[in-house]
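Following: one structure in structure tokens, then a few remarks.
There are 2 protein chains.
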Amino acid sequence: MGTDDMDTKSLSSSLHRTSPYKVGVPPKQKLWKEFSSTLKETFFSDDPLRSFKDQSRSRKLVLGIQAVFPILEWARGYNLAKFKGDLIAGLTIASLCIPQDIGYAKLANLAPQYGLYSSFVPPLIYAFMGSSRDIAIGPVAVVSLLLGTMLQNEIDPITNAHDYLRLAFTATLFAGITQATLGILRLGFLIDFLSHAAIVGFMGGAAITIALQQLKGFLGIKKFTKNSDIISVMQSVFSSAHHGWNWQTIVIGATFLVFLLVAKHIGKKNKKYFWVAAIAPLISVILSTFFVYITRADEKGVQIVKHIEKGINSPSLDQIYFSGDYLLKGAKIGIVAGMVALTEAVAIGRTFAAMKDYQIDGNKEMVALGVMNIAGSMTSCYIATGSFSRSAVNFMAGCQTAVSNIVMSIVVLLTLLFITPLFEYTPNAILSSIIISAVISLIDYDAAILIWKIDKFDFVACMGAFFGVVFGSVEIGLLVAVSISFAKLLLQVTRPRTALLGKIPRTNVYRNILQYPEATKVPGVLIIRVDSAIYFSNSNYIRERLLRWLTDEDEQLKAAGLPEIQFLTVEMSPVTDIDTSGIHALEELYKSLQKRSLVLANPGPVVMDKLYASKLTNLIGEDKIFLTVADAIQTCSPKFAEDV
Amino acid sequence: MGTDDMDTKSLSSSLHRTSPYKVGVPPKQKLWKEFSSTLKETFFSDDPLRSFKDQSRSRKLVLGIQAVFPILEWARGYNLAKFKGDLIAGLTIASLCIPQDIGYAKLANLAPQYGLYSSFVPPLIYAFMGSSRDIAIGPVAVVSLLLGTMLQNEIDPITNAHDYLRLAFTATLFAGITQATLGILRLGFLIDFLSHAAIVGFMGGAAITIALQQLKGFLGIKKFTKNSDIISVMQSVFSSAHHGWNWQTIVIGATFLVFLLVAKHIGKKNKKYFWVAAIAPLISVILSTFFVYITRADEKGVQIVKHIEKGINSPSLDQIYFSGDYLLKGAKIGIVAGMVALTEAVAIGRTFAAMKDYQIDGNKEMVALGVMNIAGSMTSCYIATGSFSRSAVNFMAGCQTAVSNIVMSIVVLLTLLFITPLFEYTPNAILSSIIISAVISLIDYDAAILIWKIDKFDFVACMGAFFGVVFGSVEIGLLVAVSISFAKLLLQVTRPRTALLGKIPRTNVYRNILQYPEATKVPGVLIIRVDSAIYFSNSNYIRERLLRWLTDEDEQLKAAGLPEIQFLTVEMSPVTDIDTSGIHALEELYKSLQKRSLVLANPGPVVMDKLYASKLTNLIGEDKIFLTVADAIQTCSPKFAEDV
């Protein structure tokens, strides 16, 4: 039955005096057009090829190359003013990143120089391929912890350091491959499945875990647990209380920790003094190194860095596992760590892009990050991504483009070539203090309180992730976060809301009786509104729920001695779509009703099409399908419609 | 800010003359009440404890026992009339099931008696614990095929028959455990995730696979491929064409296949002759056995059953693998086969319950099926479930209760004890013909055509499952079916619809301009309706999509030389809920708009609550939130609102 028939035949019988407009039916889209537009919305929803429209062939080629290497585009508009901003920002984040890199490499159970390597090559590559102007690239605390935890489950980093390093490079390669693949296949929306609330909980838990692990360096303890959960860590701390705490270390660590926290506080209070917080770590390193050198505190039990390999990154392609057991293990670790790294970087990119009002293409960013990590794995780097704290400093220091990353990269290069011997006497305690002060800002309890106020289910996800990390491990916390996020989606698609409607007196409006106490139920008619599309995931539930509404109503009416329901009216305006299982469920509903009548009100155009295609309209009867609930009541219970 | 403030402060400013009703706010539900009602809707949506309300303690105990063993409930109302119906139905399905059981056991690569065992013990247990009055229990074609395929991937049934049998029992035990666990934990809704369309395709593909595999027995081929995909099978058939086809076998097989198909056709054409189709298989077996015995056709190359072990089931608890490699393999196979078996049984139960207008509890059914299979695994049975064809025959033969299953079970018992030697000369060809004629009804092309008409995506799922089974294997087809079903859900939660609205002239109604050509866009205002709740899974997409609507509109206006958009109005009536990621997205949207204004129209009560809780109302401005789109336009573009 064509749509024209529908316009005239079935609807003319339900024309209502006050709504002279028939329900419109959009022209039937050709199958190909419908398919291609769905494909476009799913994968190309941000219309990345917009600028390619109506251009000449050579221009398209140029645009294409510029899309892969955005630097070619913005480099042309580069001038001295921008360079000034980038230079200052680059120097600032370099001073922040050098001590952090050494510390984060320890989190990942790697020798300190690998952290510096990962601040040299990856930012350079990102500057050529990335689109964010404010992100600062390098190793980050949470990913370093995640990597360190997962890798040491496979290989012991102390007894088998060489294999451990090889596995780290393998994981980095696969992280890069995962990121680039997601970006190329435009599957970036998969990252969205880790909800904001879960990330807040996960980051907070990871921050606490990292801070607790720093107690080893902070207190000068030699024997420490490998586990990351809070119980094991506290056990290690207290069991070594008698003989393991080195008071000199604690003094150094505590002093500078206070210094760092005060500097951070000054930076927060007055935005103009952000640079105080930014250079404080480097100042601490310099002062403490000098102090230890002068007092020879390392002979009194203060543990020092001792040795950082001089020189730039060596190629490491030959060190990657391309076969054997470790290949699979490295791949698994790389995929997980890569996706967590992506989440951070994409979140940072989006935040700053919104603040400065420019667009970034999430999928393109992923390709840039992926290539950066693939190249990193071949040049002795481990997984690098965008860092919250460094990007914020970058932003406030006035960065203009990704050149700030190039500046930082060059400073790190100079450090690697010339300055590394100076770190020999740097106490581990100072690195621990720097890490503690860095991760404290990851604990966002304001966000957690807001989540509690807004959405309790989200809060459960947040707390689940938090406690999963703190009491279990980073992987368990991640698993809990993803599971709870999926459970919420499951709930959304399998248990949609339904509402019983009543008539608001002296109007033609029908509303939820729970929301509007004045709405009156219509005698003999049960009006239920279904608040979702009817798909296979919820069609059985909807059918059973509708029947249960009916049974409940019957019981109440029987107890009150009133006549039972004759008409079940389903208000279908929120039902945006229906599939074969949904049609099936409506059929079964109709058959279950037997003596009573099934009435449909306000079906959308897509739904009407499918009702006709499935011949359900013949089964139910075209005279039982109305444009509005008011029309339906007019026909089912005319006396009521007039009286009230 | 409390809901009372909201009632008076912000809404009074947007009271519209023709709608004197403020948007109602439901009373804030206590957290525990909200949580427990969500729990109830999710797991106990069919209110199974309804009858337990307001009952005495002893009565509750009785009801509880009756819930586990429904036989105690309906046995009291049993009378001679019902027994008459059940007797006839039981005898009819017994005559159908005996030849089918022998054939299906071969599908599962098991000796024929195991099929008969599985029609003896499981139906008895089901009769005590199940709730469906029409289902007929026993081995079925698709599950037998699935089991046979998956088991022979692990162990060769010819060279290592004993271990193969043990693995079959292990798989059956785990199938039963899976089914019972899903039922007890009320996770039955997980079965819904295999959509109706996917099942149609899967069953059709399995039917073709089974029919093709029968060519071995039908053509009398000795050497046959183990693979089930159509290419391998056709290769086997044609490569043995010269020397492997036994013409006597083909004659016997073809003759009786024609007979069976004709009998089936008679049964379909005239519902009164259904018994013709029902007893045709048994008649064929008797006639062909007699024929082979008389002519000693087995000496001329016609393969016969040869031997069916006499006697009833032996206990098999000691044969199940409780440790080692095979335990895990058996568990994996059992879980998959168990869930497929569940899908069939639940679908059958629901269909007949709807036709005869009684209720069955899906989760209770699963427990009954699970216990039945657990017991079966300990009594030499393999996975049994509800059979479409036998249940239909049961229904048409006039079954009244599950006693028909008990009658069938007793007939099978008698067969096992006394009649099995008579099957010695039954040709394999006749079993093949019976199976072919049985599975042909699984190919439901009417349903497939209907699916094509109704929902193209569903049709893709259907065809994907079909071709996956035919050209790959049963497991691949199942995987394809589940993946496509999940992809559809993914699409639903990540890419909701949005629509641009325009004003219908001379009314206050705003509708989709694609659907209503007469709707006029409002100059300077862009009205977009978002057709879904805004969760973390789609919040980024919605934000980007809204911005893209804006950009597209700007381009069009610029090209036409008209002034650009000043107000972005988001019509939020379909937005049933919003979470923290959604709030975040609205914030970022507001920031991206900068000079332009963000206006929200018609937010539901849940959404309003969260907008207040997150202080978004302060950010956007309470004067920018309206009850209806008409109110919003009144304020944003008053001139237009009056003119048109």
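Residue numbers (our numbering), protein chains in the order written: chain A, 1 to 644; chain B, 1 to 644. Here a beta-carbon is modelled for each residue, glycine too, at the ideal position from N, C-alpha and C. The structure presented is a predicted model; accordingly, all values stated were derived computationally and were not measured.
Could you please give the first and the last residue of the uninterrupted beta strand (DSSP E) stretch that includes residue i?
i        : result
B:TYR510 : 510-512
B:VAL570 : 567-571
B:LYS503 : 498-503
B:ARG529 : 525-530
A:ALA601 : 597-601
What span of residues does the alpha helix (DSSP H) with residue i cover, start to end?
i        : result
B:LEU317 : It is not in any alpha helix (DSSP H) - B:LEU317 carries neither H nor E in the DSSP assignment.
B:SER239 : 230-239
B:LEU249 : One point to set straight first is that residue 249 of chain B is Thr, not Leu, in the sequence displayed. Taken as a continuous stretch (DSSP letters only), the alpha helix (DSSP H) holding B:THR249 covers 247-269.
B:LEU215 : 215-219
A:LYS558 : 539-560
A:LEU185 : Careful: A:LEU185 lies outside any alpha helix (DSSP H) and carries neither H nor E.
A:ILE286 : 274-295
B:VAL482 : 474-494
B:CYS97  : 80-107
A:GLY582 : 580-593
B:GLN152 : 141-154
A:ALA75  : First-last for A:ALA75: undefined, no H or E at that position.
Thinking C-alpha only, which one of the options is nearest residue i?
i        : options                                   : result
A:THR654 : A:GLU299, A:ALA630 and A:HIS196           : Residue 654 of chain A is absent from the model: chain A starts at 1 and stops at 644.
A:GLU588 : B:ILE419, B:LEU182 and B:MET355           : B:MET355
A:LEU602 : A:LEU442, A:ASN313 and A:GLU622           : Per the sequence shown, residue 602 of chain A should be read as Asn rather than Leu. Comparing Cα positions, the closest option is A:GLU622.
B:LEU147 : B:SER316, B:ALA585 and B:ILE383           : B:ILE383
A:GLY524 : A:LEU182, A:LYS558, A:ASN109 and A:VAL407 : A:LYS558
A:SER539 : B:ASP192, B:PRO496, B:ILE620 and B:ASP156 : B:ASP192
B:GLY386 : B:VAL482, B:GLU344, B:ALA277 and B:PRO157 : B:GLU344
A:PHE128 : A:SER404, A:TRP247 and A:ALA560           : A:SER404
A:ALA206 : A:LEU490, A:ASN618 and A:VAL439           : A:VAL439
B:ILE367 : B:TYR78, B:VAL302, B:ILE320 and B:MET339  : With the sequence shown as reference, residue 367 of chain B is identified as Val, and Ile is not the correct amino acid for it. Nearest of B:TYR78, B:VAL302, B:ILE320 and B:MET339 to B:VAL367, Cα basis: B:MET339.
B:TYR293 : B:LYS33, B:THR149, B:ALA136 and B:PHE423  : B:PHE423
A:GLY115 : A:LYS310, A:LYS264, A:PHE259 and A:GLY77  : A:LYS310
B:ILE222 : B:VAL493, B:LYS615, B:GLN303 and B:SER58  : One point to set straight first is that residue 222 of chain B is Lys, not Ile, in the sequence displayed. Considering only alpha carbons, the answer is B:GLN303.
A:PHE646 : A:LYS329, A:GLY77 and A:GLN594            : Residue 646 of chain A is absent from the model: chain A starts at 1 and stops at 644.
A:VAL251 : A:PHE238, A:SER236 and A:LYS300           : A:LYS300
Going by DSSP in three states, residue i sits in which element: helix, strand or coil?
i        : result
B:ASP7   : Residue confidence is low: B:ASP7 scores 38 on pLDDT, short of 50, so the model does not pin down where it sits. Its coordinate-derived value is still stated next. Looking at B:ASP7 - three-state DSSP - the assignment turns out to be helix.
A:GLY621 : coil
B:VAL469 : helix
B:PHE120 : coil
A:GLY386 : strand
B:PHE69  : coil
B:PRO427 : strand
B:LEU627 : coil
B:VAL23  : Caution applies to B:VAL23, whose pLDDT of 46 falls short of 50 and renders its modelled position unreliable; the value that the coordinates give is listed next. It is coil, neither helix nor strand.
A:ILE348 : helix
B:THR520 : strand
A:ILE534 : strand
B:GLY376 : helix
B:ILE633 : helix
Assuming the contact rule is C-beta atoms closer than 8 Å, residue i and residue j should be a hit. Round their C-beta distance to whole Å, please.
i        : j        : result
B:ALA499 : B:ARG529 : 5 Å
A:ILE454 : B:THR580 : 5 Å
B:LEU194 : B:SER473 : In fact, because the Cβ distance is near 17 Å, the residues do not count as touching under 8 Å.
*State whether the stretch 214-228 of chain A contacts the stretch 374-391 of chain A, with contact taken as three or more CB pairs (one from each stretch) at a distance under 8 Å.*
Output reads no: the stretch 374-391 of chain A does not touch the stretch 214-228 of chain A.
*At least three beta-carbon pairs within less than 8 Å, the stretch 443-463 of chain B to the stretch 196-203 of chain B*: Between the stretch 443-463 of chain B and the stretch 196-203 of chain B, the count of C-beta pairs closer than 8 Å reaches three or more; the two stretches touch.
*Say whether the stretch 354-371 of chain B touches the stretch 180-187 of chain B, bearing in mind that this needs 3 or more beta-carbon pairs closer than 8 Å, one atom from each stretch.*
Remark: three or more beta-carbon pairs, one from each stretch, lie closer than 8 Å, so the stretch 354-371 of chain B and the stretch 180-187 of chain B are flagged as touching.
*Give a yes or no on contact between the stretch 273-286 of chain A and the stretch 86-105 of chain A, applying the rule of three or more CB pairs nearer than 8 Å.*
At 8 Å Cβ cutoff, the stretches touch.
_Quick check: the stretch 100-115 of chain A against the stretch 367-377 of chain A, are at least 3 beta-carbon pairs closer than 8 Å?_
The answer is no - the stretch 100-115 of chain A does not touch the stretch 367-377 of chain A, with fewer than three Cβ pairs under 8 Å.
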